[in-house]
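Written out below as structure tokens is the structure these notes cover.
2 protein chains.
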Amino acid sequence: MISSKDIEQAFSILKPVVHETPLLSSTTLDRKCGNSVFLKAENFQRIGSFKIRGAYNKIAQLSGVDRQRGVVAHSSGNHAQGVALASKLLGVRATIVMPKTSPSNKVEATREYGAEVVFCEDSSDDRERVALELERKHGYVPVPPYDDDQIIAGQGTVGREIAKSLEQLNYLFVPVGGGGLIAGCAVAVKHFHPKVRVIGVETETANDCYQSFRKREIVRIEPPKTIADGMRTQSVGTRNFEIIMNFVDDVVTVTDDQVIAVMKFFLERMKIIVEPTGAVAPAAVYHNVLGISGQTVCAVLSGGNVNPAFLKTIL
Amino acid sequence: MISSKDIEQAFSILKPVVHETPLLSSTTLDRKCGNSVFLKAENFQRIGSFKIRGAYNKIAQLSGVDRQRGVVAHSSGNHAQGVALASKLLGVRATIVMPKTSPSNKVEATREYGAEVVFCEDSSDDRERVALELERKHGYVPVPPYDDDQIIAGQGTVGREIAKSLEQLNYLFVPVGGGGLIAGCAVAVKHFHPKVRVIGVETETANDCYQSFRKREIVRIEPPKTIADGMRTQSVGTRNFEIIMNFVDDVVTVTDDQVIAVMKFFLERMKIIVEPTGAVAPAAVYHNVLGISGQTVCAVLSGGNVNPAFLKTIL
């Protein structure tokens, strides 16, 4: 299990490379939910999501030999762009396995960062199969999306930035896909402020972590239908789950409609673009699912890479 | 003419009320234009634009008697909401004269802040006539949009925040409508960093200040057609012009198409919503109309209140 020292190390590796993203606030939001709310705006991060943090931390710590071998990752979303940009910045060759049904703008963005894209069928199994094949054939080093100590430590720098900026923090809400972000953030925040309550948030159809947390063992669900595509992982990782059980205080869910309402609020009132997954933790705060008041609350707004066509439907 | 002391006073009045908005940056933008660029994000300001600053500074300094009389302003845009919210926060009654053709969301927002809306015909003349009538009939105190010392000093706090955050600043780009924002910012920034070059930006059809600057006298133009509605003022104010001639180094123009390209860049890459007028100064930087390189540059992104229907056409 990683410790706050791993996050400190990640922080010094990432400091010259990633943005320290701002904490946004809104008087209207505070009034609506009766708390003092800060939104950690990782939609303003490089590649438009926190995923650059873990990927860069991982690849930067590869040995010289491993760097020369190149890396491989499979992702239809932000992890692809994170690995692509991190590799480019570090001068490492990257190959990304993407489903052939991936939106063309995501494929282009990944290629723009200099990665080679290899297509596969649209299933988790096939993605893993193709990535493993490339690993074996070319000796590429895999960069996993969440179940990895350096990935977790890298994502944890989000929590470190929050902890250093918000001395009075009472609650931290973090979205849960595979659990990399929440695991890293929980370790970081509890190190500085042990009394902060760390709350994981999922959409209700993608509630594998909610179930796992209650059952105290990893529950695997069928591929869930939800607008929050970062929530479509079927279970959290082993390393992630161990940290969640030790450092996370609760896991709650929101509906897709609650997520859409918050995306609309962000667009119309706060003038920011947030992807559905990025609006999940803010939705738990906006709709005040815990029924708290008078608290200092932070929610991680994890990314902003939303399809323009989908954005139009929201408007 | 106002001095930096007036801006310091405005700053202490505004500090508990307005947001100190962040300076955003983008590696892609830096690379595209060859400079180190910071965007002062006043789209994240309360009411979604810098206009709350001047309005609040003005109304807060009214005498007790004047506050009891109430205020009147005419505006189809952000000044209406600035006066409405400032009045509400200060417990002053506000009446806003708006063209009956104003978008319903702007009318509603103004009413939401507690102001009374009085409709007029859609012409500058009629707006002024109706406002003057209310002033005479009810004794309301007028809150002008830009040609006023306290309004200028309030808007100047934008420049003060920039000057305090960017020690190495070389260029500041500011949009010019009536000239309140640029006048205040120029006084503030030159006080702290006399060598910074302050550049006004207009759209090319709304180039009254560009012409005035070159002719060294106020030029009044026909109501211009431009997507940047904050640029539709026909001339800058007298007080504003005096400051512009003393503190501004140049005025440049961009096309409506250049503004649209930057709005698109903001939406797709930077995940922020900016109104056309708010994208005018950034457009001069993005398209590098001055042909500079290696400089530290700031552009004021003045507001984010864009019509959702228009936003859809951009997407």
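Protein sequence lines, in the order shown, are assigned to chains U and Z. All the letters of the first sequence, read from the start, carry residue numbers 1 to 315 under this note's numbering. All the letters of the second sequence, read from the start, carry residue numbers 1001 to 1315 under this note's numbering. Backbone N, C-alpha and C define an ideal beta-carbon position, used for all residues, glycine too.
Short CB-CB distance (under 7 Å) between residue i and chain U
i        : result
K1106(Z) : no
P1223(Z) : no
L1316(Z) : Residue 1316(Z) falls outside the range modelled here, since chain Z spans only 1001 to 1315, and no answer is possible.
K1312(Z) : yes
P1016(Z) : no
Residue i: contacting residues in chain U (beta-carbon distance under 7 Å)
i        : result
N1043(Z) : K271
G1048(Z) : K271
G1304(Z) : K271
L1039(Z) : Within 7 Å Cβ-Cβ: nothing; L1039(Z) doesn't reach chain U, min ~11 Å.
L1267(Z) : I273
Assumed close pair residue i, residue j - CB separation to whole angstroms, cut-off 8 Å
i        : j        : result
V1262(Z) : A1283(Z) : 4 Å
V300(U)  : K40(U)   : 5 Å
V174(U)  : C185(U)  : 5 Å
M1098(Z) : V1117(Z) : 6 Å
Q1211(Z) : L1181(Z) : At roughly 19 Å, the Cβ-Cβ gap does not stay under 8 Å, so Q1211(Z) and L1181(Z) are not in contact.
G1114(Z) : G1177(Z) : Wrong, their Cβ atoms sit about 25 Å apart, outside the cutoff.
Spatial distance of residue i from residue j (CA atoms)
i        : j        : result
K271(U)  : V306(U)  : 15 Å
E1167(Z) : R160(U)  : 27 Å
S1049(Z) : I1002(Z) : 22 Å
A1188(Z) : S1004(Z) : 6 Å
E374(U)  : Q234(U)  : The structure shown does not extend to residue 374(U), since chain U spans only 1 to 315, so no value can be given for it.
V1274(Z) : V1280(Z) : 10 Å
I1244(Z) : I1218(Z) : 11 Å
K1051(Z) : T1277(Z) : 13 Å
G1077(Z) : Y1286(Z) : 26 Å
N240(U)  : I199(U)  : 14 Å
A80(U)   : K1225(Z) : 44 Å
R1053(Z) : V1018(Z) : 7 Å
K1190(Z) : F1247(Z) : 7 Å
P103(U)  : L1315(Z) : 16 Å
A183(U)  : V289(U)  : 21 Å
V158(U)  : G1237(Z) : 46 Å
S1165(Z) : T101(U)  : 45 Å
V65(U)   : I96(U)   : 20 Å
E112(U)  : R232(U)  : 26 Å
V1201(Z) : Y1140(Z) : 34 Å
C298(U)  : D30(U)   : 11 Å
L1169(Z) : H138(U)  : 48 Å
D208(U)  : D250(U)  : 13 Å
E42(U)   : F1213(Z) : 42 Å
F326(U)  : E242(U)  : This structure cannot speak to residue 326(U), because chain U is shown only from 1 to 315.
V1321(Z) : I7(U)    : Since the displayed chain Z opens at 1001 and closes at 1315, residue 1321(Z) lies outside it and no answer follows.
G304(U)  : F192(U)  : 28 Å
K88(U)   : T110(U)  : 11 Å
L1090(Z) : L1062(Z) : 10 Å
Test: residue i CB closer than 7 Å to a CB of chain Z
i       : result
P22(U)  : yes
P308(U) : yes
Within chain Z, partners of residue i - CB distance below 7 Å
i      : result
T27(U) : R1046
CB contact check: residue i to chain A, cutoff 7 Å
i        : result
S1076(Z) : Of the chains in the structure shown, none is chain A; the protein chains are U and Z.
| message | Quick test of the definition: if touching needs 3 or more C-beta pairs under 8 Å, does the region 305-312 of chain U touch the region 1008-1022 of chain Z? | response | In short, these stretches do not touch, since the Cβ pair count stays below three.
| task | Assess, as a yes-or-no matter, whether the region 1048-1062 of chain Z is touched by the region 1150-1160 of chain Z under the definition of 3 or more beta carbon pairs within less than 8 Å. | result | Taking 8 Å as the limit for Cβ pairs, the verdict is that the region 1048-1062 of chain Z does touch the region 1150-1160 of chain Z.
| query | For the region 253-261 of chain U against the region 124-134 of chain U, are there 3 or more C-beta pairs whose distance is under 8 Å? | reply | Using a C-beta cut-off of 8 Å, the region 253-261 of chain U makes no contact with the region 124-134 of chain U, since fewer than three inter-stretch Cβ pairs fall below that distance.
| said: I want to know whether the region 1018-1035 of chain Z touches the region 1070-1080 of chain Z - three or more CB-CB distances under 8 Å. | reply: Taking a cut-off of 8 Å for Cβ pairs, the region 1018-1035 of chain Z and the region 1070-1080 of chain Z do not touch, as fewer than three such pairs fall below it.
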